[in-house]
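Residue numbers (this note's numbering): 387 to 524. Even glycine gets a Cβ: it sits at the ideal position worked out from N, Cα and C.
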Ligand code: IDP
Ligand code: MG
């Protein structure tokens, strides 16, 4: 089934100049980039995006991290895009991520882990329109 998922290159990835490499990995793995932009989130915008995590102990630190510099959200499309993107990203903690995954190759820590990816159809349906309107998704 053709699906869309939201990917974000987080502030650490943008700052380290990894955006081109990461986009290449998505394209080489058969994803089509349907939308892409660079934005610098406000505190409120980051809190809204991660509202499902608001009770977690790492929430404030996560919001501070996600607002420390620009991010690059994008909409990726392919068959089973949501799961496939999660596979290519690797585990949340880079210590647990498999060889060859983006987080294994580039992430510093469980928090500074370079990329975000929607974890379900439900979250993709919330996350994609958080960043892109219908005219921006080609
Ligand atoms: P995911 O990004 O792999 O889906 P989530 O559990 O949804 O992981 O957590 C969202 C983000 O919050 C992570 O990508 C990471 O940046 C941060 N995070 C998750 N768990 C921890 C933690 O235990 N300590 C610090 N930051 C965390
Ligand atoms: Mg998640």
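{"Item": "Between residue 476 and residue 457, is the Cβ-Cβ spacing less than 8 Å?", "Value": "no"}
{"Item": "Please classify residue 524 as buried or exposed, where buried requires at least 16 neighbouring CB atoms within 10 angstroms.", "Value": "exposed"}
{"Item": "Out of 387, 485 and 502, state which residue places its alpha-carbon closest to the alpha-carbon of residue 405.", "Value": "502"}
{"Item": "Return yes when at least one heavy atom of ligand 2 lies under 7 Å from the C-beta of residue 482, else no.", "Value": "no"}
{"Item": "I need the boundaries of the beta strand (DSSP E) containing residue 420, first residue and last residue.", "Value": "418-422"}
{"Item": "Are residue 336 and residue 428 touching if we call contact CB-CB under 8 Å?", "Value": "What the structure shows of the chain is the stretch from 387 to 524, and residue 336 is not part of that stretch, so it cannot be assessed."}
{"Item": "Can the beta-carbon of residue 518 be found less than 8 Å from the beta-carbon of residue 425?", "Value": "no"}
{"Item": "Using the rule of at least 16 other Cβ atoms within 10 Å of the residue's Cβ for burial, across every protein chain shown, is residue 520 buried or exposed?", "Value": "exposed"}
{"Item": "What residues are listed by DSSP as bridge partners for residue 395?", "Value": "458 and 501"}
{"Item": "Judging by CA-CA distance, which residue of 395, 459, 452 and 480 is the nearest neighbour of residue 432?", "Value": "452"}
{"Item": "Would you give the residue range spanned by the alpha helix (DSSP H) that residue 436 belongs to?", "Value": "Element bounds for residue 436: n/a, residue is neither H nor E."}
{"Item": "State yes or no: is the C-beta of residue 408 within less than 8 Å of the C-beta of residue 395?", "Value": "yes"}
{"Item": "Output needed for residue 398: all residues of its chain with C-beta closer than 7 Å, excluding positions within five of it in sequence on either side, in chain order.", "Value": "494, 498 and 500"}
{"Item": "If you measure from the CB of residue 505, is any heavy atom of ligand 2 nearer than 7 Å?", "Value": "yes"}
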